[in-house]
Amino acid sequence: MTPASHLLQQEIPLTWYLLLSAALFSLGVIGFLIKRNLITVFMSIELMLNAVNLSFVTFAHQWHMVKGQIFVFFVMMVAAAEAAVGLAIIIAVFRARTTLAVDRIDLMKL
Amino acid sequence: MAINESILTWILLVPLAGAVLVALLPDRGKLPAWLALLTSLVSFGLTLHLPAHFVLGQHGFQYEINRPWIENPAIFYHVGVDGLSLWLVVLVGLLAPVGVLASWNAIKDRRKVFYALFLVQQTAMFGVFISLDLMVYYGFWELSLVPMAILIAMYGRKDGPKAAIKFFLFTFIPSAPLLVAILWLYARTGTFDFVELRLLIDSGSMPTGALWWVALAFLFAFAVKVPVFPLHGWLADTFTEAPVAMAMVVAGKLGLYSMLRFHVGLFPVQSRAVAPILVALAVIGILYGACLALVQRDFWRLLAFAAISHLSLITLGIYGLTFTGWDGAIYQILNHGVVDAALFLLLGILETRYATSQIAAYGGLASRVPQTATLFVITSLAMIGLPMLNGFVGEFLILSSTFTGVSHGWAIAATLGVILGAAYMLWLVQRLFYGPESELAMRPAADLRLGELAVLWPLAILMLVMGLAPAIWIPSIENRIGIPALKGSTALPASSLSVSFQGEGQQ
Amino acid sequence: MNSVPDIYRILPEVILTLTGVLVMLVDASLPPGLPRRSLGWVAATGTAVAYLASIWQLSLPVGTGFYATVETSPFTVFFHALICGIVLVALLLSLDSLPEDSHHQGEYYALVVFGAVGMCLLTAAIELLVVFIALEISSIATYVLAGYRKETARGPEAAIKYFLLGSFATAFLLYGVALIFGATGTTQIYDIANLAPSAQNHSLVLAALALMLVGILFKVSAVPFHVWTPDVYEGAPSPVVALMSTAPKAAAFALLLRVVYEMFPTLHSVWAPLLSIVAVLSMTVGNLAALRQQNVKRMLAYSSIAHAGYLLAAFAGMGNAGIAAASFYVAAYAAMNVGIFAVVTVVSGYDENLPMIQDFRGLIYRSPLLGGLLIFFLASLVGIPFTGGFFGKFYSFSAAVGGGAVWLAIIGLLNSGLAAAYYLRLAFAAAQRPSDETGLTRSYEPRAGVAVIAALLFAVAATLILGIVPGDVLHAAQTGAHTLQPPPPTATEVIGIATTQPRVP
Amino acid sequence: MLHEPSLSLPGFAPALPVCDGTMHLILFVLFAGLCLAGAINLLLQSHPINSALSLIVVMTSLAVLYLLLGAEFLAAAQVIVYAGAIMVLFTFVVMLLNAGREERTLGSRVARAVGFPAVVTILGVLATVILRAQGLGSASLHDGITSTEELSAVLFTKLLLPFEVTSVLILIAILGAVALARHGDGERMDGK
Amino acid sequence: MNEHLNLWLIPLLPFAGFVINGLLGRRLPKSLVTAIALLAPLVSFGVVLNAVKASGAGLVLPYSETCPIGWINAGALHVDFSFVFDQLSLVMLLVVTGVGFLIHIYSVGYMSHEEGYWRFFSYMNLFMFFMTVLVLAGNALLMFVGWEGVGLASYLLIGFYYKKNSAADAGKKAFIVNRIGDFGFLIGMFLLLANFGTLSFSEIGAKLAASPAWTGGVLTVIALCLLLGATGKSAQLPLYVWLPDAMEGPTPVSALIHAATMVTAGVYMIARTHAIFDRSPFALSVVAVVGAATALFAATIGLVQNDIKRVLAYSTISQLGYMFLGCGVTAYSAAIFHLMTHAFFKALLFLAAGSVIHGMGGEQDLRKMGGLRKKMPVTFWTMTAAVFAIAGFPPFAGFFSKDAILYAAFLQGTTGKLLWFVGVVTALLTAFYMFRLWYLTFLGESRSHDVHPHESPWSMLGPLSILALLSVGGGWIGIERFGAFLAPAVGRQTGEGGSAQLEILLILLAVAVAALGWFMAHRLYHQRPEGAAQLAAAMPTGYKLLLNKYFVDEIYSYTFVKPLLAFSRFILGWVVDTAVLGGLAWLLGGIALLGGAILQRWQSGNLRSYAAWLAFGAAALLLFVLVPWTSVLASFPVFHMNVAGH
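Residue numbers (my numbering), protein chains in the order written: chain A, 37 to 146; chain B, -2 to 504; chain C, 334 to 838; chain D, -15 to 176; chain E, 124 to 769.
Below you can see the structure in the form of structure tokens.
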């Protein structure tokens, strides 16, 4: 089925959602690579998790399985927990180094 | 007869128990040394049980124990001795008290560590010689590196750790292919047992192409350990740095024994094919070591290159693949063990008293330390193969069998190298003991002490006895497994062990 | 039907959780200012009980619980016991090395114990959702522990690096889970195993495998996912490194075994060469990079990367042999690595400056026991016979050779020769006579309490037992390996997450 | 069992009153675009606050997409948990640390030389895989919506264990956050 | 009926003496040391005499004794401790133990003031032990024991004054040069083993006898190898260089080892293995040529040496050359005959020289002696007997034996006549330098004033006298009877074209030549003492060449020793060992370290780089898993590997 026929049938192929998810995921990865602030880097990770969530929801829709959605629910919880810990770590870093610049956190190398 | 069944286990356990005991008891004064001496004497006594009850002419391994150790993979605690290993075990036993006494005054601190590791080393060496399960064997083989390396690092003369690392890497890395080869054999046959593997390989059921690689891996590990030219890079530094008691056991024995047992003995076809190369390398090694020994300035280094020369001679005996050559090679391993031990002891004593190993610093010591000089001369003569002393018998057997059974040319070249041996040893004797008294000789230094005499004279007498009465040793040496047991054989059978052989040198 | 109460299936986890809660409660109820060292004993006791409980689980019939989300089998018991053991040793180690009056000891012990819950659960989980949560629990605990010396410059840096990269890798793992869910419609491992081979979108399965491997290989610090390891080990407190270099890794390897052998057994031809390549890369990179390292903790970090490589070599093995070898290696690696970090901890202390190799010079003269133990554990890491490290390597490469990957075994063993170079550098520094001018200015007076001695004893005993009489442990690993296979598909569980069928080993 | 084919139950009205096909397309394009735009903006903005706001846009848009896919509960949770709680936390920390514009640091050449090709590859491979995938089906607004009730029925039976275990996760997160973020008595050690 | 001769006592008694004196001598009183040291060879001598008596009483020779326990019994090699007593060993034993005993007695006086008295005697006994083993040995290997052993004793005794660098050097040189000869001996033994399968002389002889057509070929090679050994031990060209230096040892040592016994071992060995030499005309001619050349060569050097012992040393080499010449012309009995007489007079010469040195307080330079006749009359007269003997004047012992050799040579065709001529020239030179020595030492005026020569004690003069008697009468037995006696052991040479007239002619010629030599010496060193110097000045090159012994030591040093050392040090030591092998190890290590350094750079510390690597890994994994490599690689025929595919 071509996208055009979907258009006519007024249905969105799940492929689109998945592609969006992949794109968002990749943007998240790029974000990790280019952002210079620890907090925004962390945000990029959140973006990646969201992208994955979209995939889960899409697949849940495809398989008509609740489990995919529940998975997303758990991911949200985990994300929340991670956020708490991650931000605490960032605060600790800031206290110790008074900077949030990713590139300055390179005391340990080689 | 019960003791016959467990004697090998006792031989393994006694030094180990001694090591544990030494490690547990406090490091007070000479207590560890006394304990180690006691332990080593007991274990020496135990090893003497072996030749005493060895049954000549009995086929197969004796004092054999074969018990499962690990179920899967099937590793057995399989130990036993035959003529090949019998005297080597005794030699290790003999060198144990010698080593302890060699360290008596040389080791001044951390005696506990030293003697504990020394005894562990003993265990490992015993283990190597009596193991008949390849895994157990490999275990002991590797284990033997550790105390050696640590002690070189701890008691190194100038740059111990560096030499220790060199030693360790040189001998450890080649055992990697060895282990892979053993594993391959196991994957193929499901057994690590030497006897079974020999029969399996012999039956020709193994893929020959892969066996080549396996045999080569075995050989490589052993050749480095011996060391065979050009793999000797570690030896000189090790000799220079290692404490005397360790250096005297480091070279030769393990590698040469393993060559005979596990390369020639396990892969007759493959070893026969590489034998010409080994013979060539051995002869090169003989000459190379002798030439380099001539120009060394440090007596440890001189000894190292001399050792290369002598060990290469034994290698020649092994890869000549003649029965007589093997007799000679095994006998020469024993000789080399005894002679080298005495030489190390003497040079160690000199170094302890005069605090240098530079030959040039010495000279004219003979009148100051006449006993040392006398024993040194005797030992040197044994080393250069003076008839009536032990070195000669082995040398003659090896060279004559090479001449008659292998190649005139190589034998002549090897003989030339042996002749050169006189040059460097006598020159060393001269530079150390003769000539005008050097500044060093003026220093007050005691001649040999009672303890040292008590070791060296028996060794010297042993050299004489071994030179005069090899008949004590050789009949049992010929009672060996893994290589054809027919007298007068020229070479290994092509594929089977039960082929009969042409007489050697009978034309 | 399964007659075992579900709670028995997660008994160790429950005990550990209760222990954690107890630690928190006691911590809260103790008046401030009172020494909190006793909390460590509480945690250790709880862990010991959990250990016993996991051993006790052997008596349970093999089977699943909680609607087929967790299972109990010799495999899980093996790893439970291993993890509990490691945690116990790490706790004992911390008891004597944690500064008495600071550092939120309560939180520390609770975190360790809760982290253990995650690790244990990770090995027991047969439902990817549980896997994910368990992984997060263990990860978050280690993230925090890695940065526990938050007042130093390096502690938070270690934590943030570990945290961000860990989350990054977890996102990949999660994406993989999403894809496998997309391909099969389930996240239950047995169901996946049954459905994946016939999945309509096979490439989805493959992509899922790759992405999941990213997350798992990150946890086991295999090349090229190893980059975090040296930095994090350097910054984290030594007792924590002792824990985090072993326990989460053990759990991650259990997960890897489960994923490749149980979830994707049919993709053996894909992941086996992949893991072989990763193995070679890991051991080579780890060993080479460690060669020039002066910082002991970084060196050991690289060494742990190399060991991940040796371990991965076992995955080239066929079926049970590979699983058993890998399991055994995990145990051996854990024993010796905990041991060596225990020694490093005692030598350099919790508040260490960076422990450099020269700081170890003459250790055997300062403290024969510590020096000897250091050398012993290093010997085990080198793979000297009659130590656990030897048999670990032996089984691992044996499995590889059995699987036909002779080249892998050769490279691996040559690598272990290479590795000897840097291990020996440390060992011989310890064995070297200390010269006066090097002056042990940075030396730290080792506090050798009962706990730390017990910890060292445990590690030594384990390493020796694994080296001399590995039979029992190996037997356990083999029994575990037998149970790590997906059950045959039955009509009722083709689609769905729940199965209450007892599994036949 | 969870695999009932349709989760739409009689009596539940379609989620959106305007169940026009075109509407679906418009909504998808709009919010997918918003998502992407937000994500890109997140990358482009140099101030953390702006990035955080962009992320909130992404999350909210995703919530709408969840709705389009019939995940009603998730859409709500997305807004509440993610956009509401988590991002507030982010913003809070940004404020707390007074994080300004990103510093113009040297950056990482490796990230550019290795990272970007890698990302392109990842995206390419994933896209290929997705595009090649068969039988993924499609979504329309006629599809039912998963009820929260049903969701919770599964959550509290079949997935009870993960749910319970999550409590440990939360606990550990709290513990960790407390241990790390608290200016505490721990600093006494540093005096020496 | 063979009685038991207890031959084993002959070597073992001296050995016991060696052990006792060697171990305990330092603590024993001097008299006891002396007693032990003398008793051992004396009793040995007695045992020999007993054996001689037994053989006279009808003992069947060869008689052999074999130790019931074999020595080396390994694989195909069987060697026993077997002693053989036949005519040849009888003669040798008499010489060795007899002369040896005399020299022992002499040494008691000569060495009485030496510090290492006990050491000296223990070494001497050791020498006796090895020498008798050498003589008695029934197989080549056992002979080799004695062979090497006497070398050892020689080494020890030469280096007796070990504090002198020159002495220590000389000892080492002797041993090493001998070793080169031993190399030949060893190879010879290998060849014997390879071709005969045994080392026993009797078995070899039997096998040769069984195949009479077997000549040349490998036998030549064996013979030449043995000859190499013999040239080493008997100081023949080209291995003679050690013997002159060996004079660093105490004089009795020079007398016993480096004149009477050990150096003749080569001759003895050739005689012992004559069965092989007999089958190889080429080898025999080589022996003869070597002998003749050495005789002449050494004699020329002897002409100009100023050290009394060095003159004697070169004379020894020269005389040994005669013996080789004798062997080379298959006149074994003549060679052995000369060996015996030479033992008498050369021992006497050395002992007398020792007496002179003793009397002169250690002075050895001929130029500083002179006029000793009156001060040391006994020494003078005994020495005179010896000089006449060596010069070949009848009826002294040397006359008979030397002429027997020359006569035998003359009968060997053209080559033989050439060799004979060389022998005669050598005889001239011998007479000249011996009388030169005689004149310079005893006649004329004393040329040094600060020493006060005195006659030696009777412990020294006694042996001198006995040896003088032997030097005079030792040859009276005559070559005919001697040859007949030895014939069972060494065969009987057959000269063609010999006649009594020819023999007498040759004898007269030889005596005339000797007289000429005496006359020249008389002219140059007695009548016109400045004549020698003038002669030397007239031929500076030749004189210098001779004085410096043809620069042979230097040539050896520059052609063999130094190149070998340089090769070892630079090529092997630096290039091969350090540069190539060491470099290889270093290179491998360097590569590893470099790899480490590069991989460390991976660890840049930058979080974003790390993430990039993670992303890279993810991408790589995805590619690996999803690209069907087998089909991709199949398009490249190179890669037919079993890469993961699906």
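In this text, a Cβ means the ideal position worked out from N, Cα and C, and glycines have one as well.
Query                                                                                                                         : Result
Residue of G721(C), R625(C), E404(C) minimising C-alpha distance to L722(E)                                                   : R625(C)
Per-residue contacts from I106(D) into chain E (C-beta, under 9 Å)                                                            : A738, A741, A742, L745
Extent of the continuous alpha helix (DSSP H) run through F447(E)                                                             : 431 to 451
Cβ-based burial, F674(E) [other Cβ within 10 Å; buried from 16]                                                               : exposed
The segment 592 to 610 of chain C / the segment 668 to 677 of chain C touching (three or more Cβ pairs under 8 Å)             : no
Delimiting residues of the beta strand (DSSP E) encompassing R559(E)                                                          : Taken as a continuous stretch (DSSP letters only), R559(E) belongs to no beta strand (DSSP E), being part of the alpha helix (DSSP H) at 536 to 565.
Listed by chain order, chain A residues near L710(E) by CB distance under 8 Å                                                 : Correct list: empty, because the minimum Cβ distance to chain A is about 24 Å.
Contact belief for S62(A) with K71(A) at Cβ below 8 Å, rounded distance in angstroms                                          : In fact, because the Cβ distance is near 14 Å, the residues do not count as touching under 8 Å.
Span separating the alpha-carbon of A482(B) from that of P472(B)                                                              : At A482(B), the pLDDT of 40 sits below 50, so the modelled position is not reliable; the number obtained from the coordinates is stated separately. Approximately 12 Å, taken between the alpha carbons.
L316(E), buried or exposed, once every other Cβ within 10 Å from all chains shown has been counted against 16                 : buried
Ordered list of alpha helix (DSSP H) runs contained in the segment 13 to 92 of chain D, each at least 4 residues              : 32 to 52, 56 to 61, 71 to 80
Option nearest V663(C) by Cα separation, candidates P688(C), L644(C), D360(C), G379(C)                                        : L644(C)
Rounded separation between V72(D) and A16(D) - CA only                                                                        : 23 Å
Chain-order list of residues whose beta-carbon lies under 6 Å from that of A157(D) (same chain, five-residue window excluded) : none
Contact list for A102(D) against chain E, beta-carbon separation under 9 Å                                                    : A735, W736, L737, A738, F739, G740, A741, A742, A743
4 or more residues per run - each alpha helix (DSSP H) lying fully within the segment 377 to 410 of chain B                   : 387 to 402
H568(B), enclosing beta strand (DSSP E) - first and last residue                                                              : The structure shown has nothing for residue 568(B), since chain B only spans -2 to 504.
Environment of H577(E) [buried if 16+ CB atoms lie within 10 Å]                                                               : exposed
Residues near G122(A) by beta carbon distance below 6 Å, same chain, minus five either side                                   : F78
Closer than 7 Å to chain E by CB, A23(D)                                                                                      : no
A689(E) beta carbon less than 7 Å from that of A637(E)                                                                        : no
Same chain, Cβ closer than 7 Å to R433(E), five either side skipped, listed in chain order                                    : P367, M370
Residues sharing a beta bridge with E49(A), DSSP                                                                              : Here residue 49(A) is Pro; the residue named in the question, Glu, does not match the sequence. Note: P49(A) sits in a beta bridge opposite S122(D).
Cβ contact check for the segment 289 to 303 of chain B and the segment 691 to 708 of chain E: 3 or more pairs under 8 Å       : yes
Buried or exposed by the 16-neighbour rule on C-beta atoms within 10 Å, applied to V426(B)                                    : buried
Proximal residues to W561(C) (C-beta, below 8 Å), its chain only, five neighbours per side dropped                            : K494, Y495, L498, G499, F551, S554
Secondary structure of I72(B), DSSP reduced to three states                                                                   : strand
Proximity of T720(C) and A712(C) at Cβ, strictly below 7 Å                                                                    : yes
Endpoints, beta strand (DSSP E) assigned at Q59(B)                                                                            : 59 to 67
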